[in-house]
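K.L.:
When we follow UniProt numbering, the leftmost residue of the sequence shown carries the number 1, and every step to the right adds one.
All C-beta atoms, glycine included, are put in the ideal place defined by N, C-alpha and C.
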Amino acid sequence: DVQVQTDDSSRLTTVESSTLIATTNHQLVKLQLNATSSSNTKCCVCRENLCDHAVKITSQDRDFIFFSRNIWIPEGARCCSGHLINNLLSKEAVDQIKPFSIRYQELSSPDVQLLLNKAQTLFENGKKRFSFDDPRDLNDDEYCLLTSLSRDNFNDFVQIVSSSTIRPSCNRTIRTAVGIYLCKLRLGISNRLLACMFQIADKRTVSRVINSARQAIVKSFVPDNLGFGHVTREDVIGRHTTTIARELMCGGDSTDTAIIIIDGTYLYIQKSRNNEFQRKTFNLYKKRSLLKPMMIVTTTGYIVACIGPFMSDFNNNDAAIMKDILLRNTDHILSWPKEHDILVVDRGCRDSIGVMKALGLEAAMPTFLDGRRQFSAEEANESRCITKIRWVVEAANRRLKQFKSTLRIPFKIRP
Numbered sequence: 001d002v003q004v005q006t007d008d009s010s011r012l013t014t015v016e017s018s019t020l021i022a023t024t025n026h027q028l029v030k031l032q033l034n035a036t037s038s039s040n041t042k043c044c045v046c047r048e049n050l051c052d053h054a055v056k057i058t059s060q061d062r063d064f065i066f067f068s069r070n071i072w073i074p075e076g077a078r079c080c081s082g083h084l085i086n087n088l089l090s091k092e093a094v095d096q097i098k099p100f101s102i103r104y105q106e107l108s109s110p111d112v113q114l115l116l117n118k119a120q121t122l123f124e125n126g127k128k129r130f131s132f133d134d135p136r137d138l139n140d141d142e143y144c145l146l147t148s149l150s151r152d153n154f155n156d157f158v159q160i161v162s163s164s165t166i167r168p169s170c171n172r173t174i175r176t177a178v179g180i181y182l183c184k185l186r187l188g189i190s191n192r193l194l195a196c197m198f199q200i201a202d203k204r205t206v207s208r209v210i211n212s213a214r215q216a217i218v219k220s221f222v223p224d225n226l227g228f229g230h231v232t233r234e235d236v237i238g239r240h241t242t243t244i245a246r247e248l249m250c251g252g253d254s255t256d257t258a259i260i261i262i263d264g265t266y267l268y269i270q271k272s273r274n275n276e277f278q279r280k281t282f283n284l285y286k287k288r289s290l291l292k293p294m295m296i297v298t299t300t301g302y303i304v305a306c307i308g309p310f311m312s313d314f315n316n317n318d319a320a321i322m323k324d325i326l327l328r329n330t331d332h333i334l335s336w337p338k339e340h341d342i343l344v345v346d347r348g349c350r351d352s353i354g355v356m357k358a359l360g361l362e363a364a365m366p367t368f369l370d371g372r373r374q375f376s377a378e379e380a381n382e383s384r385c386i387t388k389i390r391w392v393v394e395a396a397n398r399r400l401k402q403f404k405s406t407l408r409i410p411f412k413i414r415p
């Protein structure tokens with residue numbers, strides 16, 4: 001008698017039989033395999049009745065389960081659509097599959113050769129330290145650690161980027177290219193270490209992979225998610241304005257006033273050998289070389305636009321940068337707000353308040369003492385209200401600094 005035994009600790013299924021392989025003739029080999037059901041009415045994973053959205057198990061999943069679990073899934077077997085993630089069986093579904101019967105499968109010489117080739121491919125893929133190509137290789141926590149995105153968000157992001165001109169090559173797939181680029185941003189590690197992690201030939205190949213992914217993201221993702229063209233003023237008022245901001249800035253009466261917060265942040269860069277550029281990027285306050293992008297966010301912390309970066313010498317303080325943005329109409333900023341919309345800024349933008357008012361915009365900024373010893377009660381409360389609103393831009397800057405590559409950008413890849 002043949003018995004099927006399943007070891008729950010190792011999740012491996014074995015067959016107890018005196019004869020596992022029988023040669024029928026010189027052309028065919030008959031294998032005795034643990035097999036699932038191939039019914040068109042039952043799911044081969046959970047063995048429940050199939051619904052209208054049943055799907056066939058892909059050959060990739062059939063091979064993976066055969067070599068990893070020693071379970072043969074007959075061609076044409078179906079499963080519930082809920083067991084799939086990105087058109088492949090989830091890890092939970094793979095662990096849930098159990099053998100249903102013993103099946104005698106006849107394989108020809110080409111079939112055996114094909115199985116050996118697939119086994120070799122799986123073995124080579126298994127030697128990779130990190131792989132984004134197999135959705136089951138990394139869990140959600142590992143995706144967040146490496147890329148700052150969950151597995152589902154990463155899959156959606158790759159699907160968006162795939163619509164651009166980027167194509168797979170002999171060195172990497174599109175998923176691997178996007179994953180390497182996000183790892184570079186998130187961890188700030190060297191190209192040589194990335195080449196070691198993802199089994200790529202050298203750091204120059206990694207550099208080309210990162211450049212291809214960056215260009216694809218700029219073309220397909222950035223225009224729809226950053227800049228004044230991707231979100232309307234009405235969306236900001238209706239969906240990205242907090243109640244407390246509307247109460248403190250507008251008295252709760254106006255529902256047609258957009259409130260945005262503007263502040264500059266720092267991107268530290270490597271010291272340049274070019275003396276002129278080094279002088280323009282050296283900040284006397286921070287005593288380091290840096291660039292200054294201007295962040296524009298809503299009162300909920302939603303990033304509307306990021307303009308820049310700008311030089312950081314004494315000629316480029318926040319006020320000078322703000323005036324330059326408004327006078328040059330950078331990123332079509334003047335076509336977005338309407339008269340009496342409120343721009344919340346800090347004291348560093350004091351010299352640009354006149355330009356804002358001349359354009360019909362209201363500026364909210366903490367007041368100055370101007371030689372006095374203390375503020376009046378009204379001025380102090382007004383400054384507290386503004387500070388209560390504008391802290392979210394500091395939180396947005398902090399989210400940006402979680403990407404460690406922004407802490408010290410090499411000179412060759414500066415924006």
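Taking C-beta to C-beta, are Val344 and Ile261 nearer than 7 Å?
P.N.:
Translated into positions along the sequence shown, residue 344 becomes position 344. Translated into positions along the sequence shown, residue 261 becomes position 261. Yes. Within cutoff.
K.L.:
Could you tell me the distance, in whole angstroms, from the CA atom of Ala213 to the CA atom of Asn171?
P.N.:
Along the sequence shown, one-based indexing puts residue 213 at 213. Along the sequence shown, one-based indexing puts residue 171 at 171. If you take the alpha carbons of Ala213 and Asn171, they lie about 13 Å apart.
K.L.:
What are the boundary residues of the alpha helix (DSSP H) that Asn381 is part of?
P.N.:
Your numbering for residue 381 matches position 381 in the sequence shown. Unbroken alpha helix (DSSP H) run through Asn381: Ala377 to Lys401.
K.L.:
Would you list, in sequence order, the uninterrupted alpha helix (DSSP H) runs of no fewer than 4 residues that lie entirely inside the segment 320-375?
P.N.:
Runs found: 353-358.
K.L.:
For Val236, which residues does DSSP report across the bridge?
P.N.:
The residue labelled residue 236 in the question sits at position 236 within the sequence shown. DSSP output for Val236 lists no bridge partner at all.
K.L.:
By DSSP, does Thr298 sit in helix, in strand, or in coil?
P.N.:
On the sequence shown, residue 298 is found 298 positions in, with the first residue counted as 1. In the structure shown, Thr298 sits in a strand (DSSP, three-state: E or B).
K.L.:
Report the residue ranges of all alpha helix (DSSP H) runs contained in full by the segment 58-112; include only those spanning at least 4 residues, in chain order.
P.N.:
With a minimum length of 4 residues, the continuous alpha helix (DSSP H) runs that stay inside the segment 58-112 are 59-69 and 91-96.
K.L.:
Identify which residue in Thr205, Met295, Thr165 and Ile210 has its Cα closest to the Cα of Cys183.
P.N.:
The count along the sequence shown starts at 1 and reaches residue 183 at position 183. Among Thr205, Met295, Thr165 and Ile210, the Cα nearest to that of Cys183 is on Ile210.
K.L.:
To the nearest angstrom, how far is it from the Cα of Asp224 to the Cα of Lys42?
P.N.:
What you label residue 224 is simply residue 224 of the sequence shown in a count that begins at 1. What you label residue 42 is simply residue 42 of the sequence shown in a count that begins at 1. Answer to the nearest angstrom: the Cα atoms are 43 Å apart.
K.L.:
If you run the structure through DSSP and keep just helix, strand and coil, what is Tyr143?
P.N.:
As a working mapping, residue 143 is identified with position 143 in the sequence shown. Looking at Tyr143 - three-state DSSP - the assignment turns out to be helix.
K.L.:
Out of Leu185, Asp141 and Ala395, state which residue places its alpha-carbon closest to the alpha-carbon of Tyr302.
P.N.:
As a working note, residue 302 is residue 302 in the sequence shown. It is Ala395 whose Cα lies nearest to the Cα of Tyr302.
K.L.:
I'd like to confirm the pairing. Which residues does DSSP put opposite Val55 in its beta bridges?
P.N.:
Taking the sequence shown and counting its residues from 1, the one referred to as residue 55 is at position 55. DSSP output for Val55 lists Cys79 as bridge partner(s).
K.L.:
For Tyr181, is the classification buried or exposed, using 16 other Cβ atoms within 10 angstroms of its Cβ as the cut-off for buried?
P.N.:
If you number the sequence shown from 1, residue 181 lands on position 181. Per the 10 Å Cβ criterion, buried.
K.L.:
If I measure Cβ to Cβ from Trp72 and keep anything under 7 Å in the same chain, skipping five residues before and after, which residues do I get?
P.N.:
If you number the sequence shown from 1, residue 72 lands on position 72. Only Leu33, Asn34, Ala35, Phe66, Arg103 and Gln105 meet the Cβ criterion.
K.L.:
Per the DSSP calculation, Asp263 is bridged to which residue(s)?
P.N.:
Along the sequence shown, one-based indexing puts residue 263 at 263. Its beta-bridge partners are Met295.
K.L.:
Quick check: the Cα distance between Ser376 and Ala363, rounded to an integer number of angstroms?
P.N.:
As a first step, residue 376 is located in the sequence shown; it is residue number 376 there, counting from the start. As a first step, residue 363 is located in the sequence shown; it is residue number 363 there, counting from the start. Their Cα atoms are separated by approximately 20 Å.
K.L.:
Going by CA-CA distance only, name the one from Phe154, Ile97, Lys404 and Glu75 that's closest to Asn86.
P.N.:
In the sequence shown, counting from the first residue as 1, residue 86 sits at position 86. Considering only alpha carbons, the answer is Phe154.
K.L.:
Rounded to whole angstroms, what is the Cα-Cα separation between Ile325 and Cys349?
P.N.:
Sequence index remark: in the sequence shown, residue 325 carries index 325 (1-based). Sequence index remark: in the sequence shown, residue 349 carries index 349 (1-based). The alpha-carbon atoms of Ile325 and Cys349 are separated by roughly 12 Å.
K.L.:
When you compare the segment 268-279 with the segment 383-403, are there three or more beta-carbon pairs, one atom per stretch, that lie closer than 8 Å?
P.N.:
In short, these stretches do not touch, since the Cβ pair count stays below three.
K.L.:
Look up Phe154 in the DSSP assignment and say whether it is helix, strand or coil.
P.N.:
Taking the sequence shown and counting its residues from 1, one reaches residue 154 at position 154. Phe154: helix per DSSP, three-state reduction.
K.L.:
With a CB to CB cut of under 6 Å and the five nearest residues on each side skipped, what residues in its chain are close to Val55?
P.N.:
Walking along the sequence shown from the start, residue 55 turns up at place 55. If we look at Val55 and ignore the five residues flanking it on each side, its Cβ neighbours are Ser81.
K.L.:
Give the single residue among Ser39, Lys286 and Met249 whose Cα lies nearest to the Cα of residue 451.
P.N.:
Beyond the ends of the chain as shown, which are 1 and 415, falls residue 451; an answer cannot be given.
K.L.:
Please report the straight-line C-alpha distance between Asn329 and Asp235, rounded to a whole angstrom.
P.N.:
Reading the sequence shown from its first residue, position 329 is the one you call residue 329. Reading the sequence shown from its first residue, position 235 is the one you call residue 235. Each residue's alpha carbon lies about 21 Å from the other.
K.L.:
Can you tell me whether DSSP reads Lys270 as helix, strand or coil?
P.N.:
On the sequence shown, residue 270 is found 270 positions in, with the first residue counted as 1. Before going further, note that residue 270 is Gln rather than Lys in the sequence given. In the structure shown, Gln270 sits in coil (DSSP, three-state: anything other than H, G, I, E or B).
K.L.:
Give me the DSSP bridge partner(s) of Phe310.
P.N.:
Stepping through the sequence shown from its first residue, residue 310 is reached at position 310. In DSSP, Phe310 forms a bridge with Lys292.
K.L.:
For the beta strand (DSSP E) that contains Gln27, what are its first and last residues?
P.N.:
Counting from one through the sequence shown, the residue named residue 27 turns up at place 27. From DSSP, Gln27 is part of no beta strand (DSSP E); its letter is neither H nor E.
K.L.:
If the criterion is Cβ atoms closer than 7 Å, does the pair Val161 and Ile217 meet it?
P.N.:
Along the sequence shown, one-based indexing puts residue 161 at 161. Along the sequence shown, one-based indexing puts residue 217 at 217. Yes, they are a contact pair.
K.L.:
Are there 16 or more other CB atoms within 10 angstroms of the CB of Leu368, so buried, or fewer, so exposed?
P.N.:
Translated into the one-based positions of the sequence shown, residue 368 becomes position 368. Note that residue 368 is Phe in the sequence shown, not Leu. Its Cβ having fewer than 16 others within 10 Å, Phe368 is exposed.
K.L.:
Do Ser405 and Gly188 have their C-beta atoms closer together than 7 Å?
P.N.:
Position 405 of the sequence shown holds residue 405. Position 188 of the sequence shown holds residue 188. Taking 7 Å as the Cβ cut-off, Ser405 and Gly188 qualify as a contacting pair.
K.L.:
Only counting the same chain, and skipping five residues up and downstream in sequence, which positions put a Cβ closer than 6 Å to that of Val178?
P.N.:
Within the sequence shown, residue 178 is the residue found at index 178, counting from 1. Excluding sequence neighbours, Val178 sits near Val158, Val161 and Ala213.
K.L.:
When the Cα atoms are used, what is the spatial distance from Leu115 to Val206?
P.N.:
Here residue 115 refers to the residue found at position 115 when the sequence shown is read from its first residue. Here residue 206 refers to the residue found at position 206 when the sequence shown is read from its first residue. Using only the alpha carbons, I get a separation of about 32 Å.
K.L.:
Hey, would you say Ala277 sits closer than 7 Å to Met197, going by beta carbons?
P.N.:
Walking along the sequence shown from the start, residue 277 turns up at place 277. Walking along the sequence shown from the start, residue 197 turns up at place 197. It should be pointed out that residue 277 corresponds to Phe in this sequence rather than to Ala. Not in contact: Phe277 and Met197 (Cβ atoms no closer than 7 Å).
K.L.:
By DSSP's criteria, Leu33 is part of a beta bridge. Which residues make up the other side?
P.N.:
As a first step, residue 33 must be located in the sequence shown, where it is residue number 33. In the DSSP output, where bridge partners are listed per residue, Leu33 has Arg103.
K.L.:
Tell me which residues share the same chain as Thr387 and place their Cβ nearer than 7 Å to its Cβ, disregarding the 5 neighbours each side in the sequence.
P.N.:
The sequence position of residue 387 within the sequence shown is 387, counting from 1. Contacts found: Pro366.
K.L.:
Could you tell me the alpha carbon to alpha carbon distance between Thr242 and Cys385, rounded to whole angstroms?
P.N.:
Position 242 of the sequence shown, counted from the first residue, corresponds to residue 242. Position 385 of the sequence shown, counted from the first residue, corresponds to residue 385. Their Cα atoms are separated by approximately 13 Å.
K.L.:
Relative to the C-alpha of Ile296, which candidate in Lys287, Gly238, Arg279 and Ile333 has its C-alpha closest?
P.N.:
Numbered from its first residue, the sequence shown carries residue 296 at position 296. Nearest of Lys287, Gly238, Arg279 and Ile333 to Ile296, Cα basis: Ile333.
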